[in-house]
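With the UniProt record's numbering, the residue at position 207 of the sequence shown is 207, and numbering never jumps.
For each residue, glycine too, the CB sits at the ideal point set by N, CA and C.
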Amino acid sequence: MNKTPSLYQHLVIIGGGAGGLELATRLAKRYKRKGLQITLVDCEPTHIWKPLLHEVATGSLDAGLDELSYRAQARSAGFQFQIGRMESLDREQRCIGLAPVCGHDGEVILPGRTLFYDYLVMAVGSVSNDFGIPGVREHCTFLDNRHQAEVFHHSLLDAWLKTSSTPDSCLRIALVGGGATGVELSAELFNCARELRAYGVTKADRSRLEVILIEAGSRILPGLPERISSAVTYELGKLGVSVRTQTRISSVTEDALITDTGERIEAQLKVWAAGIRAPSFLKELDGLETNHLGQLIVQADLRTTLDERIFALGDCASCEQPDGTRVPPRAQAAHQMASYLFKHLPKILKEQPLPPYLYKDHGSLVSLSRYSTVGSLMGNLTQGSMMIEGRIARLVYVSLYRMHQLALYGYLKTGLITLVDRINRVIRPRLKLH
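Set out below in structure tokens:
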């Protein structure tokens, strides 16, 4: 691709997660007729909202029905889409290199490409952090993307079929990491067993399911208020989840997790959801400054410290707030950062100074499948933090995803999608069975 003509501005966004896709969509709809070219780059052809991956893992959500095609969204909104994995950056020439794309048979179907930019936004999200613990990569499943979630789903179905054919056997599943992913998945596993039993896997009973949730800290959900952590721990206990806090894993074998005290926690399936880090390639991008987690260190206006034409948002960005804390790696932070860049793009293009980005914590919600939803709301109306649970919390939790859809589709399409979702609940199985 030739370098962007000086008459126009070319903004390239790397990563089609919640923040990157929302930013590309909103910018294209606003500026596509005003000389601004938007290009979104992602290594996958479709988008799934990452907070729903635990539902894909258990089959509660069929990713094939819920996914969004980047090419279709690009056509609808007015931006360009390039499939590929970023592998290099040349800040002097203002260009990035995309690795060749291979087909299912390993044959190269798209050669490496070079994209020139005027401004670059890094929105590549995060991946699970294995902390270099031996055996984690080889023997644990991660839930960083749709493919990994579907691999676990297939393993889960196979494990239940094997368990149901073996008298007096029990399916043991160990989840490492007491954050939102581990907590929500542990509850979904019991809902999965319930639904499988209804669909003919008669031995898929919660009495034959043992879920162990392992957390190195003193409590699960350490980033949320303690009262929410206590409430969720109580609800998980009622389901039958064994919550193990202050338990550190030192190694993993094919059939067990080994703690730092030498205890063996045996399990047929093992999921690793203990902490995050940025994708490793960020440390190799033409000298951009990163922290110990590989995140790009950004200034108060989300510009990287060494290049004013490169921004970062979401989980891959390390942004310090005035009180010295860092913006947490949450979906609402990525959404707010995308909104900030969208709002201030005119100043960016005119090379004017930007006001500092300030993260606003609107609270957090944790879904325990069909059993409960617990969380807190924060804001001017609540004058601090207000704990909510039950149906109200569930309604707010679902609305978060609808807000994401609104940003992508608008009111009409989101309303139609909501209607189709309700119809599918009636005409389709409640669980993906294959």
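Nearest to residue i by alpha carbon, out of the options?
i    : options                : result
E215 : V108, L406, I249, S230 : I249
P429 : I38, R219, G294, G200  : G200
G84  : I14, H139, N291        : I14
S399 : R219, S364, K432       : S364
P134 : F281, A331, A393, T259 : T259
L293 : P222, E263, R326, G262 : R326
H54  : A28, D144, M403        : D144
A274 : V183, R197, E226, R422 : V183
G324 : A300, S60, I310        : A300
D255 : H47, F311, A174        : A174
K29  : T233, L185, S76, G16   : S76
I38  : G78, A63, R394, G59    : G78
V101 : T141, A63, D42         : D42
G125 : L282, V366, L416, R244 : L282
R146 : T58, A193, E138        : T58
H344 : Q93, P356, S207        : P356
A407 : Y8, L23, T141          : L23
R194 : A393, Q336, V151, S369 : S369
Q9   : A334, H47, P346, S60   : P346
T373 : G240, V232, R244       : V232
G223 : G262, I297, T181       : T181
Using 8 Å for Cβ pairs, my map puts residue i next to residue j. What's the rounded Cβ distance?
i    : j    : result
T271 : V176 : The amino acid occupying residue 271 in the given sequence is Val; Thr does not appear at that position. Indeed they touch by this definition, with Cβ atoms about 7 Å apart.
I96  : Y117 : 7 Å
A72  : Y371 : Actually they do not touch by this definition, with Cβ atoms about 35 Å apart.
A267 : G19  : The Cβ separation is near 34 Å, so there is no contact.
E210 : C170 : 6 Å
I220 : S242 : Actually they do not touch by this definition, with Cβ atoms about 12 Å apart.
Per DSSP, which one or two residues make a beta bridge with residue i?
i    : result
C102 : V108
F152 : DSSP, once it has assigned bridges, lists no residue as partnering F152.
T414 : According to DSSP, T414 bridges with nothing at all.
S251 : I258
R244 : I214
T46  : S69
M122 : I14, A312
I133 : Beta-bridge pairing links I133 to no other residue.
I38  : L11
C95  : D90, F116
W272 : V176
R219 : Per DSSP, none; premise fails for R219.
R264 : I258
Apply the 10 Å Cβ neighbour rule to residue i and answer buried if 16 or more other Cβ atoms are within range, or exposed otherwise.
i    : result
V420 : exposed
Q383 : Note on Q383: pLDDT 44, under 50, position unreliable in the model; the coordinate value appears next. Burial call: exposed.
L65  : exposed
S128 : buried
V328 : Position check: residue 328 holds Pro in this sequence, whereas Val was assumed. With fewer than 16 other Cβ atoms within 10 Å, it is exposed.
G287 : exposed
Q82  : buried
T418 : exposed
L433 : exposed
F131 : exposed
L21  : buried
K350 : exposed
T166 : exposed
M122 : buried
P51  : buried
N191 : buried
G178 : buried
R394 : buried
Report task. Note down, one range per segment and in chain order, each beta strand (DSSP E) of at least 3 residues found wholly within the stretch 282-366. Result -> Listed in chain order, they are 296-298, 307-312, 317-319.
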